[in-house]
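What follows is a single structure, written as structure tokens, with notes after it.
In mature numbering (1 follows the signal peptide of the UniProt record, and there is no 0), the protein residues as written are -18 to -1, 1 to 659.
See the structure below:
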């Protein structure tokens, strides 16, 4: 017995030395890079994928972790590929011996002995499976991986690198491409197919070899029933599910905003946005379907935001990112364009806040010269004296310019900037033309402005990246009372025939030359902004905001659900008829005019009238001014010292004539007429 002790000691020593040598061999293993480059992903507010980008070699490799994968898939994967995964050190000696025995007995490889750890090693190094040198290397790397990153780390690497056909790598890419869903929501049939695919991803691709894919999937299901992972009935039902025969495209929602997010943080792999993927998809379809029949070169952009929080819920830069004819790659949500009449609500709101006007104040809409600037209404017609409310609802130009003159263009610009807009001006100081769109703004700028109107005049910084809400501090854009008055007026603008009336406050606009058609509006929660035009700025004949952009605006609101109620007036709001207003607010007077005296004008005949008299006298009606009045025809007196405002005068001869009225203060009003007998 004593003679055996030295031999036993020698055996133990050699065993320990061998173990230490193996440990040193494993520890000395040079591992391949473990960091796996994954696709840049842009996610919505709920974590739904909006858009992903391939990695540098053109592969789809989305990030995945065991806790983000359906537990059933993980159970099936381990049970099918490596049932002793949690207990072996990286090599399953029993499986290797079994595989070797079967190969010797049958003269061919019947089953493999690779563990998930060895398969992960093969994926990391892209090494083959049939050569002994490669197999030995996989064993060494598998043992080293077990020591350095553990079971969960190995499983995470496998889930990220396993091939699923074509340029698909990782369970997340495979699940999205073949089933259109994230791997956290797999059913038994789907999980079984994804277990089978990595063994031979090209020969089992469902879109190219559906029968092979089905046979492999059913083999996995049968094995799971034998192993008790699935009950036989569940496995049988799963085997009846058809395998997918087409590869689904990866989501490409909000491509312009996704590009902007990636450019803003180029090092980030995950970008989380405030958008809602479902709403974004519905509105992208709406914009595409709306613009398609309008012409091949026409584009559109649309923004939806929650004006209570500032979160942008949907943003569309063009109808189709890939449509070259429409310049679809151009993000028109941030392109600088002329806003047309969409600034008029701010002008009127400032006039209300400054005490220059009230919604029921009377204002003049007639040909007016503002120095050398002589604007006209879009339709070339004039409405005479009318309430401010009606002037804004009809989007008349002369009243808006008159109010801007009284306010000063600089004040208008300052309030735009308070709202968060970045107006772009032509060279030189701002002039009155900015009231009618003579500056540059983006669709996002207009969404910010109207969000402020919806929120009682407080600035609303809109944002689209989760966790990046800007500070909302800053002076108000308007007083709460003025903002409510503007919203109340805009709510009365007639909506398209099929849309709800009086529920949404909105304004349309058309830029000079019909280059841009706009519509911006809000209810009690959402603000929506729409632009339609050509990205290159060329005119679109016949394009009006009311005809083209407004229907799209209301269709977008319809996708949001029933409109939420606008708020009631603030306590300090003056709601009164014109006759009950303080005297200075009953009629708006331009600088230098007396508000107590109505401006002189010829109420009849109107300028441009074509009258057939048939020998009757010329009827004249005068409004405003201070009597007595003098009436002239082409400079020749027809009547003098008139105290009454109506008169029947001898008619001048047929032809064109300029009729003039002059009051006691020397003010004059003129009308160009065409008279026939």
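Where is the CB? At the ideal position from N, CA and C, for every residue including glycine.
Assuming residue i contacts residue j under a Cβ cut-off of 8 angstroms, what Cβ separation, rounded to an integer in Å, is found between them?
i: residue 355; j: residue 414; result: 5 angstroms
i: residue 547; j: residue 501; result: The pair is not a contact, with the Cβ atoms about 21 angstroms apart (cut-off 8 angstroms).
i: residue 407; j: residue 421; result: 5 angstroms
i: residue 599; j: residue 630; result: 4 angstroms
i: residue 450; j: residue 441; result: The Cβ separation is near 17 angstroms, so there is no contact.
i: residue 33; j: residue 240; result: 4 angstroms
i: residue 20; j: residue 251; result: 6 angstroms
i: residue 381; j: residue 370; result: 7 angstroms
i: residue 52; j: residue 141; result: That belief does not hold up - the Cβ atoms of residue 52 and residue 141 are roughly 11 angstroms apart, past 8 angstroms.
i: residue 405; j: residue 395; result: 6 angstroms
i: residue 283; j: residue 314; result: 4 angstroms
i: residue 555; j: residue 463; result: 5 angstroms
i: residue 319; j: residue 513; result: 7 angstroms
i: residue 199; j: residue 174; result: 5 angstroms
i: residue 139; j: residue 118; result: Rounded, the Cβ-Cβ distance is 20 angstroms, inconsistent with contact.
i: residue 255; j: residue 25; result: 7 angstroms
i: residue 268; j: residue 541; result: 7 angstroms
i: residue 504; j: residue 432; result: 6 angstroms
Rounded to a whole number of angstroms, what is the C-alpha to C-alpha distance between residue i and residue j?
i: residue 172; j: residue 144; result: 16 angstroms
i: residue 279; j: residue 515; result: 9 angstroms
i: residue 654; j: residue 639; result: 6 angstroms
i: residue 543; j: residue 520; result: 35 angstroms
i: residue 388; j: residue 310; result: 42 angstroms
i: residue 657; j: residue 641; result: 11 angstroms
i: residue 281; j: residue 624; result: 59 angstroms
i: residue 507; j: residue 465; result: 15 angstroms
i: residue 44; j: residue 232; result: 11 angstroms
i: residue 15; j: residue 481; result: 59 angstroms
i: residue 616; j: residue 400; result: 51 angstroms
i: residue 518; j: residue 604; result: 49 angstroms
i: residue 234; j: residue 276; result: 24 angstroms
i: residue 133; j: residue 30; result: 28 angstroms
i: residue 40; j: residue 147; result: 13 angstroms
i: residue 49; j: residue 305; result: 39 angstroms
i: residue 187; j: residue 211; result: 25 angstroms
i: residue 373; j: residue 249; result: 52 angstroms
i: residue 99; j: residue 125; result: 8 angstroms
i: residue 397; j: residue 292; result: 18 angstroms
i: residue 92; j: residue 247; result: Note that residue 92 scores 43 on pLDDT, short of 50, meaning its location in the model is unreliable and no value can be drawn from it.
i: residue 478; j: residue 533; result: 6 angstroms
i: residue 352; j: residue 345; result: 15 angstroms
i: residue 90; j: residue 182; result: The predicted position of residue 90 is uncertain, since its pLDDT is 47 and thus under 50; no value can be drawn from it.
i: residue 264; j: residue 537; result: 11 angstroms
i: residue 121; j: residue 135; result: 17 angstroms
i: residue 645; j: residue 611; result: 5 angstroms
i: residue 446; j: residue 165; result: 26 angstroms
Less than 8 angstroms between CB atoms is the rule here; does residue i satisfy it with respect to chain E?
i: residue 432; result: Looking for chain E here will not work: only one protein chain is present.
Just verifying my parser: in three-state terms, what is the DSSP assignment at residue i?
i: residue 275; result: helix
i: residue 161; result: helix
i: residue 503; result: strand
i: residue 92; result: Only weak support is given to the placement of residue 92: the predicted model assigns it a pLDDT of 43, under 50, and the value that follows is read from those uncertain coordinates. Coil.
i: residue 488; result: strand
i: residue 516; result: coil
i: residue 340; result: coil
i: residue 281; result: strand
i: residue 97; result: coil
i: residue 445; result: strand
i: residue 630; result: strand
i: residue 493; result: coil
i: residue 334; result: helix
i: residue 214; result: helix
i: residue 234; result: strand
i: residue 637; result: strand
i: residue 73; result: coil
i: residue 459; result: coil
i: residue 611; result: strand
i: residue 670; result: Because the chain in this structure spans residues -18 to 659, residue 670 falls outside the shown range and cannot be described.
i: residue 47; result: coil
Could you pull out every unbroken alpha helix (DSSP H) segment of at least 4 residues lying fully inside the region 347 to 429, listed in chain order? 370 to 375, 379 to 389 and 391 to 400
ask   = At a cut of 8 angstroms, does the region 299 to 316 reach the region 461 to 474 through at least three beta carbon pairs?
value = no
Practice prompt. Decide yes or no for the touch test of the region 245 to 265 against the region 200 to 217: beta carbon pairs closer than 8 angstroms, at least 3 of them.
Written response: no
Using 8 angstroms as the threshold, is the region 152 to 167 in touch with the region 45 to 61, meaning 3 or more CB pairs across them? yes
Would you call the region 332 to 339 and the region 381 to 398 touching, i.e. three or more CB-CB distances under 8 angstroms?
-> yes
(message) Whether or not the region 172 to 192 and the region 67 to 77 are in contact is what I'm after, with contact meaning three or more pairs of Cβ atoms, one per stretch, closer than 8 angstroms; do they touch?
(response) no
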